[in-house]
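The structure appears below as structure tokens.
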Amino acid sequence: MAALDWAALTIHRIALGDDDEVGRYVDEHAMVGTVLTLSAAVLIGIWAVWAGALHAPRSHASATGHNRGGVRHN
Numbered sequence: 067m068a069a070l071d072w073a074a075l076t077i078h079r080i081a082l083g084d085d086d087e088v089g090r091y092v093d094e095h096a097m098v099g100t101v102l103t104l105s106a107a108v109l110i111g112i113w114a115v116w117a118g119a120l121h122a123p124r125s126h127a128s129a130t131g132h133n134r135g136g137v138r139h140n
């Protein structure tokens with residue numbers, strides 16, 4: 067979302083020919099927002115992978131002990 071805001075502000079500045087201190091201020095803060103948004107997305111992705119691995123379902127054989135010489139079915 068921040069990237070779209072930055073792109074819209076940049077297009078708006080080009081259309082108006084605005085290249086003063088206000089434009090630089092807007093660009094700097096839009097870029098900070100973009101970096102923070104992308105960083106948050108990466109952290110959420112890492113957390114989701116970690117949480118999924120932590121709570122992954124185990125196989126039936128592992129849960130019942132049949133993989134340790136347990137009951138044999140013919």
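Numbering (the numbering used here), first residue to last: 67 to 140.
Every residue gets a Cβ at the ideal spot worked out from N, C-alpha and C, and that includes glycine.
Proximity below 7 Å, CB of Trp72 to CB of Thr100: Residue mapping note: residue 72 aligns to position 6 of the sequence shown, counting from 1. Residue mapping note: residue 100 aligns to position 34 of the sequence shown, counting from 1. Yes, Cβ-Cβ distance for Trp72 and Thr100 is below 7 Å.
Short Cβ contact (7 Å threshold) for Ala96 with Leu70: Numbered from its first residue, the sequence shown carries residue 96 at position 30. Numbered from its first residue, the sequence shown carries residue 70 at position 4. No, these two residues do not count as a Cβ contact at 7 Å.
Backbone CA spacing between Ala106 and Ala114 [nearest angstrom]: As a first step, residue 106 must be located in the sequence shown, where it is residue number 40. As a first step, residue 114 must be located in the sequence shown, where it is residue number 48. Their backbone Cα atoms lie some 12 Å apart in a straight line.
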